[in-house]
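Position in the sequence shown (first residue = 1) + 105 = our numbering.
Built from N, CA and C at the ideal position, the CB exists for glycine as well.
Here's the structure, in structure tokens; my notes come after.
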Amino acid sequence: MPPERLARLSFSCGRLTVPLDRTRPAAGTFVLQLIRATTGHDLDATRPIVLLVPGGPASSGVDNHAFLVGRLSDRLLAEFDVVGFDPRGVKHSNPIRCEHVKRPATLPDVSTDAGYAAAARVVRTFTEECLTSLGDRASLFGTTAAAADIDAIRAALGQTKLTFVGGSYGAKLGAEYARLYPGAIRAGVLDAPTDPQTSAVVTAEHQVKGFEDSLDEFIAWCLDRSCPRLTDVRAFIAALVAEADRSPIRSGRPQGDEPMRGSEVLDAVASSLYDVDRWPDLAAGLIEADDGDSGTLWDLRDASGNDPDDTTESDGRFVINCTDSGAAPTEAEIRRLAAHFKKSYPTFGVWGTWQLFGCSFWTAPKHTLPVPVAEAAPPLMVIGTIHDPATPYAGAVSMTRVLGNGSTLITWEGFAHAAFTRDPCIDALVDAYLISLSLPSDGTRCAA
């Protein structure tokens with residue numbers, strides 16, 4: 106954040122107590138952690154706010170708040186205070202903690218008998234440990250419960266109607282809020298949503314395909330720049346993964362990283378594809394890792410800004426997704442899809458098969474997330490990015506249609522996961538909507 110921007114901002118923290126289970130008032134309470142950014146004025150409880158709904162699921166809106174606010178326009182900050190929060194079960198709001206079970210050093214081929222058994226053993230063990238740790242709280246962390254918490258935040262902050270921005274999973278949570286509380290919305294931005302009509306298995310394939318497509322774009326970028334030693338990027342990555350599986354790659358970073366395994370090489374590549382600005386570091390990091398230093402790849406893998414040694418985010422993501430989930434695929438379906446992934450997606454296919462297991466061994470009650478039809482809500486702004494590796498563009502198209510309330514689809518032709526604060530054209534459209542409720546025409550596009 107520029108020092109002059111930081112000097113004008115003030116941050117204050119607060120807590121809000123919400124019911125653990127709204128159907129059972131005697132069950133107890135959660136405490137949600139909130140953070141508020143103000144600029145150029147004393148804290149004013151009557152001032153309008155915009156709520157930033159965090160992604161993930163289970164990313165910390167509190168830890169990332171200063172970074173996100175630092176990317177907002179002066180125009181927006183002049184009109185609103187900006188509030189962030191950690192949803193229930195996330196980081197500073199009674200974090201979910203499960204016993205950590207590490208993936209095997211070499212990712213198994215789930216399409217085979219031995220590979221399926223190895224992967225299933227890890228996922229089953231982790232799920233059982235997690236359910237034991239959570240006890241009777243296991244079913245209380247779903248998106249529907251988090252949406253009710255958002256309405257409690259709205260009321261506690263004295264907002265008659267809510268103005269919010271949600272990106273990635275935050276868009277899913279925002280859409281669920283619109284379904285449940287359509288009359289409580291002033292304006293809402295859903296940036297980079299997943300397709301609300303698809304199953305977790307279909308979403309997993311969409312994401313793996315998205316990473317493969319984005320890797321193709323990186324390869325084209327690299328060819329244009331004659332990246333040293335990267336004449337065949339896919340073959341180079343495959344060889345590096347195989348080498349890291351045989352002999353994990355040491356890191357030169359001072360924080361004392363563990364040697365990097367093959368699956369973690371792919372984690373780093375995938376993280377790099379979230380933002381075109383990371384591509385030069387990815388090209389350099391691949392070469393450095395091939396020369397025996399995984400430090401840059403660790404930097405890229407950890408680029409989300411969250412503590413890689415804190416497993417509460419991955420634990421929370423697992424529990425939230427399982428609470429929201431529908432029927433799990435059978436063993437036969439997983440093995441068939443694993444073979445399809447391996448054949449169709451040469452770099453990320455085997456890596457992506459872990460998502461197929463998802464919640465196969467989850468036995469706690471579920472609150473399957475419904476399709477977010479929100480016909481009574483005011484029109485929202487939905488943003489899709491053409492080259493988004495994690496939430497492909499088709500998800501934004503589907504979300505706009507499913508809401509059923511005349512929402513507007515805005516398209517960014519860029520290369521990143523989520524568009525807001527990455528592009529001046531998108532930012533100007535979002536600012537105008539949040540400030541004056543001026544929605545552009547459906548189908549408006551911003552060039553990369």
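Any idea which residues DSSP pairs Arg556 with across the strands? Absent from the model: residue 556. The displayed extent of the chain is 106 to 553, so no value can be given.
query = Going by DSSP, which residues form a beta bridge with Ala269?
reply = First, the residue type needs correcting, since residue 269 is Phe and not Ala in the sequence shown. The partner list for Phe269 (beta bridge, DSSP) reads Leu156, Gly293.
> Are the region 281–299 and the region 322–334 touching by the rule of at least three beta carbon pairs closer than 8 Å?
Replying inline: no
ask   = Where do the ends of the alpha helix (DSSP H) carrying Ile439 lie?
value = 436–449
| Given 8 Å as the limit, is there contact between the region 209–226 and the region 270–286, that is, 3 or more CB pairs closer than that? | no
message: For a test of the three-state rule: what should DSSP assign to Glu281, helix, strand or coil?
response: helix
Practice task
Please list, in chain order, all residues of the same chain as Thr122 whose beta carbon is under 6 Å from its beta carbon, the five residues on each side excluded.
Solution key: Thr134, Val136
Q) For Gly431, which residues from the same chain have a beta carbon less than 6 Å from its beta carbon, with the 5 sequence-adjacent residues on both sides left out? A) Thr473
Please report how far the alpha carbon of Gly119 lies from the alpha carbon of Pro483, in whole angstroms. 29 Å
Return the CA-CA distance between Ala252 and Arg259, expressed in angstroms with no decimal places.
-> 11 Å
Would you tell me roughly how many angstroms separate the C-alpha atoms of Arg291 and Gly463, rounded to the nearest one? 35 Å
Option in Arg406, Phe466, Ala479 with minimal Cα separation from Arg284
Ala479
Quick check: does the Cβ of Ile354 come within less than 7 Å of any heavy atom belonging to the ligand SAH?
The model depicted lacks the ligand SAH and carries no ligand whatsoever.
_Straight-line Cα distance separating Asp429 from Leu539_ = 29 Å
With distances taken Cα to Cα, identify the nearest neighbour of Ser216 among Lys448, Ala183, Ala521, Ser376. Lys448
Per-residue DSSP class, three states only, for Glu518: strand
task = Pick out whichever of Gly548, Ala521, Gln360, Arg113 has its Cα sitting closest to the Cα of Trp384.
result = Ala521
Where does Asp307 land, buried or exposed, given buried means 16+ other C-beta within 10 angstroms?
-> Reading the sequence as shown, one finds Val at residue 307 and not Asp. Answer is exposed; the Cβ neighbour count stays below 16.
Please report the distance separating the alpha-carbon of Leu402 from that of Val370. 7 Å
Is it buried or exposed, Arg180, if we count other Cβ atoms within 10 angstroms and call 16 or more buried? exposed
| task | Give, in chain order, every unbroken run of the alpha helix (DSSP H) that is at least 4 residues long and sits entirely within the region 461–515. | result | 499–508
Nearest CA to the CA of Pro287: which residue from Ala533, Leu508, Gly145? Leu508
Measure the C-alpha to C-alpha separation of Ala112 and Glu184 and round it to an integer number of angstroms.
-> 18 Å
**OP:** Figure out for me which residue from Ser178, Arg152, Val195 has the closest Cα to the Cα of Asn169.
**Re:** Val195
- prompt: By the 10 Å Cβ neighbour count, where 16 or more other Cβ atoms means buried, how is Ala132 classified, buried or exposed?
  reply: exposed
Checklist entry - Just the Cα atoms here: how many angstroms apart are Gly160 and Asp337? => result 34 Å
*In its own chain, which residues sit with a C-beta less than 7 Å from the C-beta of Ser238, not counting the 5 before and 5 after it?*
Arg202, Cys203, Glu204
Between Ala495 and Ser503, what straight-line distance do the alpha-carbon atoms span, to the nearest angstrom? 16 Å
> Out of Leu485, Met365, Asp407, which has the shortest C-alpha to C-alpha gap to Gly397?
Replying inline: Met365
If Ala270 and Val155 are in contact, beta carbons under 8 Å, what's the gap, nearest whole angstrom?
The sequence given here has Val at residue 270, not Ala. Indeed they touch by this definition, with Cβ atoms about 6 Å apart.
Would you mind working out which of Leu114, Glu317, Gln264 sits nearest Gly457, comparing C-alpha positions?
Glu317
Quick one: grab the DSSP three-state call for Thr248. helix
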